[in-house]
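Heads up: the sequence lines are chains A and B, in that order. Numbering of the first sequence is given in my numbering, commencing with residue 1278 and proceeding in unit increments. Numbering of the second sequence is given in my numbering, commencing with residue 228 and proceeding in unit increments.
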Amino acid sequence: MTAWPKPFRPRLSAPWCYRVHTVLVTNRAYRWLATRLERSPRAYRVFTATERVSKEKLFGCRMCGQCALPATGYACPMTCPKQLRNGPCGGVSPDGRCEVHPAVHCVWVLAHDRAVAAGHRTDLDLLQRPVDHREQGRSSWVNYWQGRDDDMVIEARR
Amino acid sequence: MTAGLLAAFDAGRFAVTAELGPPRGADPDAVVRKAKLLRGWVDAVNVTDNQGARVRMSSLGAAVIAQRSGVSPVMQLTCRDRNRLALQSDLLAAGALGIPHVLLLTGDHPKLGDHPEAKPVFDLDGVQLTWLARTLRDGTLMSGEPLTVAPRWLIGTVENPFAPPLSHRADRLAKKVAAGAEFVQTQYVFDVPVFARWLARLRDLGVTEHCAVLPGVGPIRSTRMLEFLRTAVPGVHLPSTVDDRFRGVPADRVAETGLRLCAETIQELAELPGVAGVHVMAFGFEHGVPEILERAGLAPHVTTLEGSVDAR
């Protein structure tokens, strides 16, 4: 069993994350790759392990399989002890620390500051749909390239 | 029976809500007693859901008892203890039992409560729960399956205007309102200028037209409570003006100073454009709520459904 979530400070600056993302944006080649990977359990396992290791190191990734990073300033909301996908709770201390782990900063305060600094403030206004727990441990890159994340984040409308 | 928040909002009346903490036990009279103290003085009473992650009688059960005792309940519901199935079934039960308002929140983490070893659920967050509530009221489950009868409660939410990132807090409420929230109660307001800036941003965003804002207030009754609020309750902001107010006050006058400060805060807040009412939080001090309201010039103003003003 994995440890319970604890806010993680990303090890890659936000501007770099947004740059790397442009390289990973879905195209035909990636979709072809994703389809091939899903046909081969062995290749899928190797690919997913690579994703896990790199994202764990950089973002504290917990492999929810439906990556929210592009909309959260590349600070992972699944490392919030309450796993909030839609912004910080009301218990953040005056100096921006987590109420559950007062030794570390609230991951949503980090997300906010990173998104604002990178000119992505309005990303935080988007509604994040509830997590599909069946995707736990699956590759979020494959899911993204296959278009399964398309309606994960939507514009909030009254 | 008090007529509830919708009646107050429709009449353009300054709404008043208070808090009722269910007992740690199966004693219905504890709820009845508190409800009777508040009846006639408030438009609705929040029934808390394992507040502070400490086990109490369920908010649904206590809300039904409060309603039978003549107050209009606001059933609080948190994401801490229930997955999406349980949240939906409890919301439907509230609808069937005629609970007129629900207040949806993420909830305190179990680590801070009386069962720190418990599994935290948090299947949804507070924003998603608000969204889910509106989906139910529109007549479908989260799965898309239709309901036989849709619930009709008013949807409430919470926000803390004083927690970082400050500049994000109004936008966060705007998101909850877009998801379906129709009224909001806030964390304790001790710093009116900071609250006023948050409210101004809400007005700019057009949020106050769609969501009634009820700032939270409460009396500081002892120096111990002052310290407790400062150190033990996450998210409470006490500005230096509050310390100044209590400095040098003899111990037997602290409670009086706290009551006066609370009443003055209500009056200041009532002057702000966009404030629809006030939410009084006085844990274990429900009997003092009428006095606070009276001092703030608000008592007793709530008309019951029968059309008569309740006797004190």
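By construction, the Cβ of each residue, glycine as well, lies at the ideal position given by its N, Cα and C atoms.
Check: Contacts around residue 1361(A), its chain only, beta-carbon distance under 8 Å, and the 5 residues preceding and following it disregarded; Outcome: 1354 and 1385
Check: Residues bridged to residue 244(B) [DSSP beta-bridge criterion]; Outcome: 271(B) and 506(B)
Check: CA-to-CA distance, residue 328(B) to residue 413(B), given in whole angstroms; Outcome: 16 Å
Check: Assigned secondary structure, residue 415(B) (DSSP; H/G/I helix, E/B strand, else coil); Outcome: strand
Check: Between the CA atoms of residue 340(B) and residue 279(B) - distance to the nearest angstrom; Outcome: 6 Å
Check: Nearest candidate by alpha-carbon position, reference residue 391(B), set 1417(A), 1374(A), 1409(A) and 1407(A); Outcome: 1374(A)
Check: Integer-rounded CB distance, given that residue 431(B) should sit under 8 Å from residue 466(B); Outcome: So it is not a contact: roughly 24 Å between Cβ atoms.
Check: Endpoints, alpha helix (DSSP H) assigned at residue 518(B); Outcome: 516-522
Check: Residues that residue 1374(A) bridges to, as DSSP identifies them; Outcome: 1382(A)
Check: Reference residue 1410(A); option with closest CA among 1343(A), 1291(A), 1396(A) and 1394(A); Outcome: 1343(A)
Check: Residue 521(B) versus residue 242(B) - alpha carbon distance; Outcome: 14 Å
Check: Residue 1366(A) vs residue 366(B) beta-carbon contact at 9 Å; Outcome: no
Check: Within chain A, partners of residue 387(B) - CB distance below 7 Å; Outcome: 1367
Check: Backbone CA spacing between residue 495(B) and residue 336(B) [nearest angstrom]; Outcome: 33 Å
Check: Chain A contact for residue 279(B) (CB, 9 Å cutoff); Outcome: no
Check: Chain A within 9 Å of residue 349(B), Cβ atoms only; Outcome: yes
Check: Residue 398(B) to residue 382(B) span [Cα, whole Å]; Outcome: 18 Å
Check: Rounded C-alpha distance that separates residue 271(B) from residue 1303(A); Outcome: 51 Å
Check: Whole-angstrom C-beta distance between residue 482(B) and residue 449(B), which should lie under 8 Å; Outcome: 7 Å
Check: The segment 449-463 of chain B: positions lying closer than 8 Å to chain A by Cβ; Outcome: 461 and 462
Check: Contact the segment 286-299 of chain B vs the segment 250-269 of chain B: 3+ CB pairs below 8 Å; Outcome: yes
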